[in-house]
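Written out below as structure tokens is the structure these notes cover.
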Amino acid sequence: MLKEKFHIKQKKDTRSGFGDELYELGTNNPKVVALTADLTGSLKMDKFAKSFPDRFIQVGIAEANMMGIAAGLANAGFIPFTGTFAVFSTGRVYDQVRQSIAYSYKNVKICASHAGISLGEDGASHQMMEDIALMRALPNIIVINPADYTQTRQAVRAIAKYLGPVYLRFGRPAVPDFIPDDMPFEIGKAITLKTGKDVTIFATGHLVWEAVEACDELEKMGIDAELVEIHTIKPIDENAIINSIKKTKCAVTAEEHVLHGGLGDAVAQVSVKNYSVPIEYVAMDCVFGESGTPNELMVKYGLKSTNIVNAAINSIKRKNY
1 MLKEKFHIKQ
11 KKDTRSGFGD
21 ELYELGTNNP
31 KVVALTADLT
41 GSLKMDKFAK
51 SFPDRFIQVG
61 IAEANMMGIA
71 AGLANAGFIP
81 FTGTFAVFST
91 GRVYDQVRQS
101 IAYSYKNVKI
111 CASHAGISLG
121 EDGASHQMME
131 DIALMRALPN
141 IIVINPADYT
151 QTRQAVRAIA
161 KYLGPVYLRF
171 GRPAVPDFIP
181 DDMPFEIGKA
191 ITLKTGKDVT
201 IFATGHLVWE
211 AVEACDELEK
221 MGIDAELVEI
231 HTIKPIDENA
241 IINSIKKTKC
251 AVTAEEHVLH
261 GGLGDAVAQV
271 SVKNYSVPIE
281 YVAMDCVFGE
291 SGTPNELMVK
301 YGLKSTNIVN
311 AAINSIKRKN
321 Y
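Each step along the sequence shown adds one to the number in this note's numbering, with nothing skipped, and position 176 is 176.
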């Protein structure tokens, strides 16, 4: 069973992975600066703020200004990390991100917490389910959606070394921390967590652990699923996708995002251009969310391991039709 292969070290929120690694970066690299829009605690930036007050800027509820300041700091040779909720990191500041960061190719790291429906009780106004689509559509920006606390730390470390704009997405709830500390992380490179021959599951973010559980359920049914974790949605690892679907001949994509413009569409584009196979999406319909606990909402909107299992069965049926 795949769950037995990955030891859950703890349950921890991915935003803490961001905060902890940001502090480590600040300790080791004087060029790293951090900005937040009145959300120091929510983004777990407290330790950085207290340790490096001369490199921490609290801009208040002025997200558009924060992006402009970050672009200016990048011009001056610093490595700015902006921190606010995903809904404010994308929709509220899209013009500033487009013009001052993406178009101008500034070395700004846009770090977005509280992404997805699992934000929970804050409701539809804050549950950003379309951010990957927005950022993926912008030229020049890398889009990364890590699976757990450990991988979030790895991603923060990697984007600090990358010269160019990055959108890093992470969440609020505590989730299983299972990625091994020594598992390599490379921007743009997918990770095959399990090989298989019957169907490929491509998963990202919080849905990766749900996919691990789905693989175990499928194994009980005699279905050998391959699980490919895609932390970098742009640029996507085309070779990993093509090699896997050529073997399994069908696929499922799983993401905490709307159906349009996210991982599912990215994988489908690769498939259509190179090797067309049946693909089932596990994602949220194009609707707004509501208030509820993270698990209640994940269940209601079809983002659990059960949904991945059903999608895998349907994809295999379509392959064999």
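Here a beta-carbon is modelled for each residue, glycine too, at the ideal position from N, C-alpha and C.
Between the options, which lies nearest to residue i when the distance is taken from Cα to Cα?
i      : options                        : result
ARG169 : SER118, ILE279, ALA311         : SER118
LYS249 : GLU255, ILE241, GLU256         : ILE241
ILE141 : SER113, LYS12, ARG98, ILE57    : ARG98
LEU2   : ASP237, GLU280, ALA225         : ALA225
LYS317 : LEU297, SER305, GLU280         : GLU280
MET66  : GLY77, PHE48, SER89            : SER89
SER100 : MET135, GLY68, ALA160          : GLY68
LEU134 : SER244, MET298, LEU263, TYR301 : LEU263
ALA71  : ALA102, PRO235, TYR275         : ALA102
ALA64  : VAL87, GLY77, SER271, SER113   : VAL87
ILE215 : GLY91, ASN307, GLN96           : The question names Ile, yet the displayed sequence has Cys at residue 215. Taking only the C-alpha atoms, the option nearest CYS215 is ASN307.
VAL212 : LEU193, ASN314, GLU238, ILE236 : LEU193
TYR301 : CYS286, VAL309, ASN28, PRO165  : CYS286
ASN243 : LYS197, HIS206, ILE223         : LYS197
ASN28  : LYS11, ARG15, PHE48, LEU39     : PHE48
LYS273 : PRO294, LYS247, ASN295, GLU238 : GLU238
ARG55  : LEU73, HIS206, ALA112          : LEU73
GLU186 : VAL309, ALA160, LYS11          : ALA160
ASN145 : ALA190, ILE223, LEU138, ASP181 : ALA190
PRO173 : LEU39, THR40, ILE223, TYR149   : TYR149
ILE313 : ILE223, ASP265, ASN295         : ILE223
ASP122 : GLU4, THR195, PRO294           : PRO294
ALA62  : VAL299, GLY41, GLN96           : GLN96
VAL299 : GLU210, ASN75, GLN269          : GLU210
So residue i packs on residue j, CB below 8 Å; how close in whole Å?
i      : j      : result
VAL228 : PHE202 : 5 Å
ASP13  : GLY171 : 7 Å
TYR167 : ILE110 : 5 Å
ASP177 : LYS31  : Not really, about 29 Å apart at Cβ, beyond 8 Å.
SER305 : GLU217 : 6 Å
PHE85  : LEU39  : 7 Å
According to DSSP, residue i sits in a beta bridge with which residue or residues?
i      : result
CYS111 : GLY83, LEU168
TYR281 : THR253
MET128 : ALA115
ALA64  : In the DSSP output, where bridge partners are listed per residue, ALA64 has none listed.
PRO176 : LYS11
LYS194 : LEU227
VAL97  : Answer is none; VAL97 lacks a bridge partner.
PHE56  : ALA34
PHE6   : Per DSSP, none; premise fails for PHE6.
ALA203 : GLU229, ALA254
PHE142 : Correcting the residue type first, residue 142 is Ile in the shown sequence and not Phe. The partner list for ILE142 (beta bridge, DSSP) reads VAL166.
LYS234 : VAL143
Is residue i near residue j, with beta carbons less than 8 Å apart?
i      : j      : result
GLY17  : THR152 : yes
THR204 : ILE233 : yes
PHE6   : GLY26  : no
ALA311 : HIS231 : no
ASN107 : LEU43  : no
VAL208 : ALA147 : yes
ALA251 : VAL267 : yes
LEU297 : GLY120 : yes
VAL199 : SER315 : yes
PRO184 : TYR105 : no
GLU21  : ARG136 : no
ILE236 : SER271 : no
HIS206 : GLY116 : yes
SER125 : ARG15  : no
PRO278 : LYS247 : no
Using 8 Å as the limit for Cβ to Cβ distance, is residue i near chain B?
i     : result
GLY68 : The structure shown contains no chain B; it is built from a single protein chain.
What I want to know is whether the C-beta of residue i ends up closer than 7 Å to one or more non-hydrogen atoms of the ligand NAP.
i     : result
TYR23 : The model on display carries no ligand, and the ligand NAP is accordingly not part of it.
Count the CB pairs spanning the segment 25-35 and the segment 78-93 that are closer than 8 Å, and state whether there are at least three.
Contact between the segment 25-35 and the segment 78-93 is present: three or more C-beta pairs spanning the two stretches fall below 8 Å.
Given 8 Å as the limit, is there contact between the segment 118-136 and the segment 248-263, that is, 3 or more CB pairs closer than that?
With three or more CB-CB distances shorter than 8 Å, the segment 118-136 counts as touching the segment 248-263.
Are three or more beta carbon pairs between the segment 288-299 and the segment 259-269 nearer than 8 Å?
Contact between the segment 288-299 and the segment 259-269 is absent, because fewer than three Cβ pairs lie under 8 Å.
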